[in-house]
Every structure is written in C-alpha cells, then in structure tokens.
Amino acid sequence: MGDDNFEHLERLVAELDARGLLARVVRTQSGRTFVRVINPSATSLSENVTCRSAAVSDIRDWWYCWSWGERMHTADDPAGAATKVARVLAVVGE
Numbered sequence: 057m058g059d060d061n062f063e064h065l066e067r068l069v070a071e072l073d074a075r076g077l078l079a080r081v082v083r084t085q086s087g088r089t090f091v092r093v094i095n096p097s098a099t100s101l102s103e104n105v106t107c108r109s110a111a112v113s114d115i116r117d118w119w120y121c122w123s124w125g126e127r128m129h130t131a132d133d134p135a136g137a138a139t140k141v142a143r144v145l146a147v148v149g150e
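Take 57 as the starting number for the sequence shown in my numbering and just add one per residue.
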C-alpha cells in the first residue's frame, strides 16, 4: 500500500478521536496498515478499519473497509466514515 493509504487512515483517526473513540494506525510486520478503533466506554466494542484502492479506468478511488472486507465509505469523506464507525461501536443508550 502506498502513502495515500496511510494519509487516509491518519485522517480517519483524527475524526474518530474527535468523536471520543480511541483510534490509532497499526502497521503489521508484513506492512499492512489499518486503524484499530476502540470505544473507551466499552472496550469490548472495537473494529479494525482498512483503506483500499479500487481503480476505475485510470482513476484510483480509495475506500474505508470494515474488518471483513466490505466497503464502508469513500476515503474522500473521513468524517462520514467516522460517523458510521461510531454508530456501530456505540453503547446502547448512548
């Protein structure tokens, strides 16, 4: 993955932090990167978000993806992606 991937992940971390979630970019030994997100109010509620590119003709589109690989949100809108993650990791009644 290129630097674009890392920059998209860093922007997502900033948005998740602004929503009160604990988030950081993790780089595995293999070089794979993802955002580890934890709800500090309920640490069992967590998710790993990746960022992948999808080439459409000559244009590279970047997408945030859930841990199981499904596309979640376009990487051009980290605030929208953070809102979705926050909703999924919310404690009932929050």
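C-beta atoms are modelled at their ideal positions from N, C-alpha and C, and glycine is treated no differently.
Environment of residue i [buried if 16+ CB atoms lie within 10 Å]
i: residue 84; result: exposed
i: residue 134; result: buried
Paired residues, beta bridge with residue i - DSSP
i: residue 79; result: 93
i: residue 104; result: 92
i: residue 119; result: 108, 130
Cβ-based neighbour list, residue i, same chain, cut-off 7 angstroms, excluding 5 preceding and 5 following
i: residue 75; result: 138, 142
i: residue 132; result: none
Euclidean distance between Cα positions of residue i and residue j
i: residue 147; j: residue 64; result: 26 angstroms
i: residue 149; j: residue 97; result: 12 angstroms
i: residue 66; j: residue 106; result: 11 angstroms
Same chain only: Cβ atoms within 6 angstroms of residue i, ignoring 5 sequence neighbours per side
i: residue 104; result: 90, 92, 123
i: residue 71; result: 134, 135, 138
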